[in-house]
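Engineer: The structure under discussion is supplied below as structure tokens; questions concerning it will follow.
2 protein chains.
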Amino acid sequence: MDPHEAYSELIRRTRDLSYLASTSSLLGWDEQTFMPEGGAFHRSAQMGLLAGLHHERATDPKLGELLAVVESSDLVAEPTSPAAVNARELRRSYNRRVRLPRTLVEDLARTTSLAQPEWVAARTTCDFVRFRPWLEKIIQLKRDESACLATETPIAGKPAEAHSSHKKAPAPAPPARSPYDPLLDDYEPGANSQELATLFHALRSELVPLVATISERCRRLNHGGASTGSNQPPGGARSAILTRFFPRARQQVFGEAAAAAAGFDFKRGRLDVTAHPFCSGIGTGDCRITTRYDEHNFSDAFFGILHEVGHGLYEQGLDPEHYGTPMGEAVSLGIHESQSRLWENAVARSRPFWTYWFPMARRIFHEALSDVSLDAFHTAVNHVGPSLIRVQADELTYNLHIIVRFELEQALLSGDLAVADLPAAWNQKYEEVLGLKPGNDAEGCLQDIHWSAGLIGYFPTYTLGNLYAAQLFAKAETELGGLEEAFAHGDYESLLAWLRQKVHCEGQRRRPAELIEHITGNKPDHRPLIASLKRKYSELYGT
Amino acid sequence: MDPHEAYSELIRRTRDLSYLASTSSLLGWDEQTFMPEGGAFHRSAQMGLLAGLHHERATDPKLGELLAVVESSDLVAEPTSPAAVNARELRRSYNRRVRLPRTLVEDLARTTSLAQPEWVAARTTCDFVRFRPWLEKIIQLKRDESACLATETPIAGKPAEAHSSHKKAPAPAPPARSPYDPLLDDYEPGANSQELATLFHALRSELVPLVATISERCRRLNHGGASTGSNQPPGGARSAILTRFFPRARQQVFGEAAAAAAGFDFKRGRLDVTAHPFCSGIGTGDCRITTRYDEHNFSDAFFGILHEVGHGLYEQGLDPEHYGTPMGEAVSLGIHESQSRLWENAVARSRPFWTYWFPMARRIFHEALSDVSLDAFHTAVNHVGPSLIRVQADELTYNLHIIVRFELEQALLSGDLAVADLPAAWNQKYEEVLGLKPGNDAEGCLQDIHWSAGLIGYFPTYTLGNLYAAQLFAKAETELGGLEEAFAHGDYESLLAWLRQKVHCEGQRRRPAELIEHITGNKPDHRPLIASLKRKYSELYGT
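If you want it as structure tokens, here you go:
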């Protein structure tokens, strides 16, 4: 078969798979937003059918054959050309898929589906024992998955090395990998647990003392420190400003205005309400983000919207010409999270951001904010304090929550930690890292949905996102200059254009770590994040 | 193959086809309600892929083989058993599908898709000449479709008669059919144009003089007749009450209350806003209806909602056990329309309905209705007068609009009327039947979307729905008694239960005309409709 024909057919089939997957995405979005409760059973049948059709087509040996033809041709000569990138990444996902026995895939789907309500019930009643057998089964299945993915058995349709006209020197044997790595690799291609552990260790060493200093300052300031507003609630914490009454309709107007100003295109997207906020890139020209409103918590919806806007800008910035192929898709969860964190934290929690938006906020939320100064408001949205719940954590302590999970899930997978011993280990780590001990397992090891859904290896991508965000933002500042000045005028155009060009349009041309190095000149690194946190908090609290 | 196994496999495949079709329905609903405008291109690609997958599976020869096994077995011995019904109707749709060459199906899809914006543009500019070549092409394709459907060539997988253990005496040769019939049959299985023409002729003979009498009375009453309200706009028509200001949010509250009271289950359904109202039964437990609000037209949304509620109640009343198979699906467009018309007209335009709801309407729309009496309001919602636009027509003149279209589309298809001569023929018929002449083609032959979408044979199902509705409602009154009394208390339970049992739960056990005869003891008949209209309008105007 002619390689060009093979490539065209490969891309045609890949696009069709993307249309199918994007149909499931829309069904999923609808399920979270507008589906009447009576539609749940029917929806699961639709989703099951679509998943089956997708699996059938995504593991069709014909795909492997087409890939083999392309891989043995000149089309892949230039490794960062679209054809080479697509072939490389399609091979990667094809191999992953065909290595997983259908029985295992089905067992995982069934088990995690059944485990969901058990986890909800266990969390509600703070009853870890109820969830324990489910987690044991899930950990075992994930071990099996890891083992299947780690096999180097030949894949049907994979070209023998000798056929390749672009044979390279044989790659050195990969280092002995942890069973965690093939799972991590699903979310963050090319990452490995050893490098992550080194990186996270360095981050932790810096964060722990920094958190101690800042949260002490915060605590003192909130209780009897100098008041910056004329009429602060007596004795109230400064962050209590944000728990005043912020009417929902006005939160929506204000949040949508900020989202649009950041560049989220509402002609090619929507913002709706869901219990758990998310961003779903349905397809070219259709990206849907969600939030939730709490009338006594300004931060929840506002920074939640800016976070999802970051994800949404990435989706809206992908190259439509390459839609449905790796060249038109996001690189990894970590890079995706870097975009959300960059907009949520580096932009929307910055002083110049609020120089522009606070006067408008004070007009819109006049009852809540008329007696509040810009200083007080900016301090409030950057309040720091150790807490037990990850999703409520501040910018400074957030990564410590992730590091705890990263260490524990590796130990669970390797067998170093028995599931039965998880609550004790969790509580001990929280005390050690954050200085707090959960009162029960609902605010301890049962708080997150991830493990019950079989998502092992997902957590570290949150911290990678924070690290990448700081590296990218520092580089953007250096290259563009004047970002703070622009933010103070409500202008994010040059930042967005830079992200579009450096990250969004690039699709999966490079793996995440390579992309970061390509853009910033440095490998993934904890220092830019630490530097930016130190700078921000020293300005806020004079540490 | 064992017939029971064959039947199970047939049903499994049929259900999967329904899940796939219902996925397209959800995508279609989303497109009309919430999809951002930028998502249109992506959506068309998704829809195209799903249509292709559906076609591929629905014409799989394996389906024909499975059907043949079932058809030759004892499973179909009892013709109204679920298995026999499913086999009969699946055979019908399978044969229709495989008789249409893929090239024709694609050509029709492409042509009607391209014709849509041309029709919109032609209607906007009142320029029939622009639309003419598109309609010519569509009529030609529909002639081709009709010819393919009319062939009696053997279908692969259809059992030879000799194999059947339930061989009947050979059926008499069918009467020579009009080319219109195979198209009509798609919407109203078993209907034929000759019988419809007879029925519609009888209806028209009664309607024309009735309309003349009533609209003259209406006209007189509106101009100088006794005023029932204390503060009617001077010289204004009595129906002008309904064009006062009805705030949208309150229309929604009131409409939803009436919908829920009628039995529409909002836990298994939704009501949203679209440019063109519709009802989409996504699947068991998930039925979505839509409406549009005009703050200066009470009737548009309110009776629109009750109309869609009628469709929705049918969808919500289908037997979930038979979901996705003919036994769990609506019989025909005509029967579907009978449900919407029954709730819209026989229920919601009745005097006892407003005995209950008018006091609430007067509280909710107090500015608009405080000076209006129940009599005046009830008269206003039953205003009669010839008009040019079908979708704005009243209950009495509506069917005349349909009869015009029914006659014209037959003439177009047979070639008796050239497309070029359509505007003149349309205008002449409107003058003859309704006594009005369109000022231009936008309010004439370009007003409806149907022909541009290739829907030839669809219009008569609207009038069939009106006839069936009157027959069913008369029967329900006879069997149940006390319906008016119940309506006056806002109680529709016994009527709904009766419809559930007689119509909704029956699925496609019987073809439409047989169903009507089975329930009412009479074939489709124009007399119950005429009788109910005469009774209503003589009460209103003392004719």
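Those sequence lines, one after another, are chains H and Z. At the far end of the first sequence sits residue 543, using the numbering used here, and the numbering has no gaps. At the far end of the second sequence sits residue 1086, using the numbering used here, and the numbering has no gaps. Here a beta-carbon is modelled for each residue, glycine too, at the ideal position from N, C-alpha and C. Everything numeric in this text was worked out from a predicted model, so none of it was measured.
1. For a test of the three-state rule: what should DSSP assign to Cys279/H, helix, strand or coil?
2. Listing by chain order, which chain Z residues have their CB less than 9 Å from the CB of Thr325/H?
3. Consider the Cβ of Ala45/H: report whether some Cβ of chain Z lies at a distance smaller than 8 Å.
4. Using beta-carbon positions only, say whether Arg145/H and Leu75/H come within less than 8 Å of one another.
5. With 9 Å as the limit, tell me which residues of the stretch 246–270 of chain H have their beta carbon closer than that to any beta carbon of chain Z; keep them in chain order.
6. For a test of the three-state rule: what should DSSP assign to Cys669/Z, helix, strand or coil?
7. Kindly say whether Leu496/H, judged by its beta-carbon, lies nearer than 8 Å to any beta-carbon of chain Z.
8. Is it the case that the Cβ atoms of Glu880/Z and Gln1051/Z are separated by a distance below 8 Å?
9. Measuring alpha carbon to alpha carbon, tell me which of Ser22/H, Ser178/H, Gly334/H and Glu89/H ends up nearest Ala470/H.
10. Just to check my reading of the structure: Glu1027/Z and Trp1041/Z have Cβ atoms closer than 8 Å, yes? What is that Cβ distance to the nearest angstrom?
11. With a threshold of 16 other CB atoms inside 10 Å of the CB of Phe459/H, please say whether the residue is buried or exposed.
12. Measure from the C-beta of Asp319/H to each C-beta in chain Z and report whether the shortest distance is under 8 Å.
13. Check the Cβ of Tyr857/Z against every Cβ in chain H and list those closer than 8 Å, keeping chain order.
14. Distance check for Pro528/H and Ala474/H, CA to CA, integer angstroms please.
15. What residue from Leu1058/Z, His598/Z, Gln589/Z and Phe577/Z has the CA that sits closest to Thr557/Z's CA?
16. CA-CA distance, His4/H and Ala84/H?
17. According to DSSP, is Gly607/Z part of a helix, a strand, or is it coil?
18. Ordered along the chain, which non-local residues of its own chain (more than five positions away) have a Cβ less than 8 Å from that of Leu183/H?
19. Would you say Arg535/H and Pro189/H are within 8 Å of each other, going by their C-beta atoms?
20. Would you say Gly824/Z and Glu858/Z are within 8 Å of each other, going by their C-beta atoms?
21. Can you tell which of Ala891/Z, Tyr1011/Z, Phe949/Z and Asn735/Z has the C-alpha that lies nearest to the C-alpha of Val924/Z?
22. If you count every other CB in all the chains shown that lies within 10 Å of the CB of Leu849/Z, and 16 or more means buried, which is it?
23. Find the nearest neighbour of Ser1037/Z within the set Cys1048/Z, Leu610/Z, Val754/Z and Gly1025/Z, judged by alpha-carbon distance.
24. Where does the unbroken beta strand (DSSP E) through Leu271/H begin, and where does it stop?
25. Looking at C-beta atoms only, is the number of pairs between the stretch 910–921 of chain Z and the stretch 934–952 of chain Z that lie closer than 8 Å three or more?
26. Applying the criterion that 16 or more other CB atoms from any shown protein chain within 10 Å of the CB defines a buried residue, is Ser239/H buried or exposed?
27. Where do the N-terminal and C-terminal ends of the beta strand (DSSP E) with Ile289/H fall, by residue?
28. Is there a C-beta anywhere in chain Z that falls below 8 Å from the one on Ser25/H?
29. Listed from N- to C-terminal order along the chain, which residues in the stretch 274–301 of chain H have their beta-carbon within a distance smaller than 9 Å of any beta-carbon of chain Z?
30. Does the CB of Glu106/H have a neighbour CB from chain Z at under 8 Å?
31. Would you mind reading off the limits of the alpha helix (DSSP H) that contains Pro1003/Z?
32. According to DSSP, Asp837/Z sits in a beta bridge with which residue or residues?
33. Taking all protein chains shown into account, decide if Gln589/Z is buried (16 or more other Cβ within 10 angstroms of its Cβ) or exposed.
34. State yes or no: is the beta carbon of His42/H nearer than 8 Å to at least one beta carbon in chain C?
35. Using beta carbons (cut-off 8 Å, strictly below), is Ser565/Z in contact with chain H?
36. Quick one: using the 10 Å Cβ neighbour count with 16 as the cut-off for buried, is Pro722/Z buried or exposed?
Structural biologist: To lay it out plainly:
1. strand
2. Residues of chain Z passing the Cβ test: none, with the nearest at roughly 14 Å.
3. yes
4. According to the sequence provided, residue 145/H is Glu. The question's Arg does not apply to it. In this structure, Leu75/H does not lie closer than 8 Å to Glu145/H by Cβ.
5. Listed in sequence order: Asp265, Phe266, Lys267, Arg268, Gly269 and Arg270.
6. coil
7. no
8. no
9. That would be Gly334/H, whose Cα lies nearest to the Cα of Ala470/H.
10. Going by Cβ atoms, the distance from Glu1027/Z to Trp1041/Z rounds to 15 Å, so no, they are not a contact pair.
11. buried
12. no
13. Ordered by position in chain H, no residue passes the 8 Å Cβ test against Tyr857/Z, which lies about 16 Å from the chain.
14. Ala474/H and Pro528/H: Cα-Cα distance of roughly 7 Å.
15. His598/Z
16. 12 Å
17. helix
18. Lys142, Glu145, Ser146, Leu149, Leu413, Ile456 and Gly457
19. no
20. yes
21. Ala891/Z
22. A residue is called buried when at least 16 other Cβ atoms come within 10 angstroms of its Cβ; Leu849/Z meets this threshold and is buried.
23. Gly1025/Z
24. Gly269 to Val273
25. Counting Cβ pairs under 8 Å, fewer than three are found: no touch.
26. Classification for Ser239/H: buried.
27. Asp286 to Thr291
28. no
29. Ile282, Gly283, Thr284, Gly285, Asp286, Cys287 and Arg288
30. no
31. Pro1003 to Leu1023
32. Asn840/Z
33. buried
34. Included in the structure are the protein chains H and Z, with no chain C among them.
35. Output row for Ser565/Z: interface = yes.
36. buried
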